[in-house]
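Have a look at the structure below before the remarks.
Protein chains in written order, with my numbering: chain V, 7 to 121; chain P, 447 to 532.
Listed below in structure tokens is the structure:
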């Protein structure tokens with residue numbers, strides 16, 4: 007009987023793989039942003055604006071944001087299924103996490119593409 | 447953080463406001479330090495996790511060593527982040 011319906015991919019193995027794939031995206035993005043900020047100490051608005059007007063930076067940033075949402079969902083799902091035993095509070099916690107991640111994603115898209 | 451990102455790309459004034467907060471407000475620096483430190487520790491712990499997924503450092507001796515290395519990397523990067531921010 008299927009009892010796991012709130013996990014990201016309905017399969018532990020799939021979640022396991024997604025968690026690692028998104029981790030690598032976030033790893034590379036973190037290195038990229040830290041390197042950029044450390045090598046541009048006197049950052050101006052023009053430089054910053056130009057960076058995020060590049061299509062590949064926008065695509066990379068959106069990829070990182072999507073990865074963050076999935077990574078955080080799988081991570082917090084794991085923590086909540088381990089530590090919040092009663093179904094009600096656990097489900098409420100997961101709903102709040104899901105709503106937060108969805109909001110961050112949509113907000114991020116709006117910032118990136120300035121809709 | 448997303449709000450600061452939004453504000454910094456919104457306009458020159460917005461960018462200045464974020465830059466001003468990050469260079470003058472102790473509270474903003476503290477929050478930035480907290481966020482960056484948490485990210486960096488998670489970053490190193492994640493790398494350790496991926497290394498162990500590949501089957502390395504799974505023995506007691508090497509496992510203890512890499513766990514200690516992760517903690518050291520976390521502390522050192524937290525200190526460096528603090529120096530960078532202040």
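Using N, Cα and C, we set each Cβ at its ideal position, and we do this for glycine too.
Counting only Cβ pairs nearer than 7 Å, list the residues of chain P close to residue 51 of chain V. 458, 461
Please classify residue 12 of chain V: does DSSP put it in a helix, a strand, or coil? coil
Cβ-based neighbour list, residue 470 of chain P, same chain, cut-off 6 Å, excluding 5 preceding and 5 following: none
Report the residue from P:494, P:520, P:519, P:518 whose alpha carbon sits nearest the alpha carbon of residue 509 of chain P. P:494
Quick check on this structure: which residue in V:30, V:76, V:87, V:92 has the alpha carbon closest to the alpha carbon of residue 104 of chain V? V:76
Comparing C-alpha positions only, which one of V:93, V:90, V:101, V:83 sits nearest to residue 16 of chain V? V:83
Residue range of the unbroken alpha helix (DSSP H) whose run includes residue 95 of chain V: 93-119
Taking CB distances under 8 Å as the criterion, tell me whether residue 490 of chain P reaches chain V. no
Identify the contact partners of residue 117 of chain V in chain P, using a Cβ-Cβ distance below 8 Å as the criterion. 448, 451, 452, 455
Taking the alpha-carbon positions, what's the residue 42 of chain V to residue 497 of chain P distance? 26 Å
Alpha carbon of residue 476 of chain P to alpha carbon of residue 528 of chain P, nearest angstrom: 9 Å
What residues in the segment 62-76 of chain V have a beta carbon less than 8 Å from any beta carbon of chain P? none
For residue 38 of chain V, which option in V:63, V:23, V:117 has the closest C-alpha, if you only look at C-alpha atoms? V:63
Among V:54, V:70, V:24, nearest to residue 33 of chain V - alpha-carbon criterion: V:70
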